[in-house]
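Heads up, the final residue of the sequence shown is numbered 380 in our numbering, and it's a clean run with no missing numbers. Contents: one structure, followed by commentary.
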Amino acid sequence: MARLIISGCNGRMGRAVEAICTAEADVEIVAGFDLLGAGEREFPVFASPADFRGEADVVVDFSSPAALNALLHFAMTRRIPLVLCTTGYLPEQLSAIDAAARQIPIFCSANMSFGVNVLLDLVRRAAAVLGERFDVEIVERHHNKKLDAPSGTALMLAEAAADGLSDTSEYVYERQSIRRARQAHEIGISSVRGGGIVGDHEVLFAGRDEVIELRHSALSREVFASGAVKAARFLAGIDAPGLYSMADLVEQFK
């Protein structure tokens, strides 16, 4: 039985994780962290991680970058693994995660979908084959409540494409202020925010006479919540400090 804490338990993703855990026999929610308070929940909710005095095997975080410092301090003090699903971290926060992973197991991914991580591999391989003969453009679409842009997944896709290319790539986020022809080394990233779009990512390889499109669409938030619970089970059984990712989890299913 994995004893799990949900950080950001009052948010949409936190509630999606709760719904999946409730239906699973081998996962128990022992607490939640959320600045908004308890509400009517089946488990105790704490405004600060430091207020929790119980026992837990893993924390799943779907909150905000502002919660990171308190979570890292709590996890390192209590020696509890962390599954970080939040996006929008600043570079210095990513450095703090790397440093903490030298002391405890941390699972960090901007996208918890199994399918997206297959897409990352396809993008990397396509970029290596097509090379500079094809321009790479990424379009990501999300709901109108999402705060960060571009999405963490879009940046992961851009990195995957850059890994496959031989030249150093430059990410271009907008072209309104640039009056010049597109450069071969550019990777364009465009963001769309509207309605209730759960998550849609499209990678275009545009050649002179042909276009290849690779796309992933999330039809519900459950796909991310399910991945987070899988990651929690995975990390709860690991003692060795380190920074783990979806690639490690996908490897378990091969």
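We put the beta carbon where it would ideally sit given N, CA and C, even for glycine.
Are the CB atoms of residue i and residue j nearer to each other than 7 Å?
i, j, result
"A362", "A128", "yes"
"D224", "R250", "no"
"M139", "N243", "no"
"G314", "E263", "yes"
"N136", "D152", "no"
"F200", "P175", "yes"
"A182", "V156", "yes"
"G180", "A236", "no"
"I114", "V186", "One cannot answer for residue 114 here, as it falls past the ends of the chain, which runs 127 to 380."
"E312", "E336", "no"
"L130", "A358", "yes"
"I364", "P276", "no"
"N270", "G333", "no"
"L375", "A227", "no"
"S316", "V265", "yes"
Per DSSP, residue i is paired with what?
i, result
"R129", "E154"
"G368", "P231"
"E348", "Paired residues: none, contrary to the question."
"D261", "A332"
"V209", "V186, F233"
"F240", "Answer is none; F240 lacks a bridge partner."
"F159", "S133, F172"
"E266", "S317, H327"
Exposed or buried, what is residue i when buried is set at 16 or more other beta-carbons lying within 10 Å of its beta-carbon?
i, result
"E218", "exposed"
"K356", "buried"
"V209", "buried"
"E377", "exposed"
"D261", "buried"
"S239", "buried"
"Y215", "buried"
"A149", "exposed"
"R267", "buried"
"G322", "exposed"
"S221", "exposed"
"G134", "buried"
"A252", "buried"
"V318", "exposed"
"V349", "buried"
"A193", "buried"
"L162", "exposed"
"G241", "exposed"
Exercise. Is there contact here, the segment 331-343 with the segment 205-217, by at least three beta-carbon pairs under 8 Å?
Worked result: By the Cβ rule, the segment 331-343 does not count as touching the segment 205-217, because fewer than three pairs are nearer than 8 Å.
For this session: At 3 residues or longer, and completely inside the segment 178-207: list those beta strand (DSSP E) runs for me, N to C.
Result: 184-187
Exercise. Can you list the alpha helix (DSSP H) stretches of 4 or more residues lying completely in the segment 268-296, in chain order?
Worked result: 278-290
Exercise. Would the segment 326-335 and the segment 280-289 be scored as touching if the rule is three or more Cβ pairs under 8 Å?
Worked result: yes
Exercise. Which ranges would you report for the alpha helix (DSSP H) in the segment 293-345 if only whole runs of at least 4 residues count?
Worked result: Taking only runs of at least 4 residues, no alpha helix (DSSP H) segment lies wholly in the segment 293-345.
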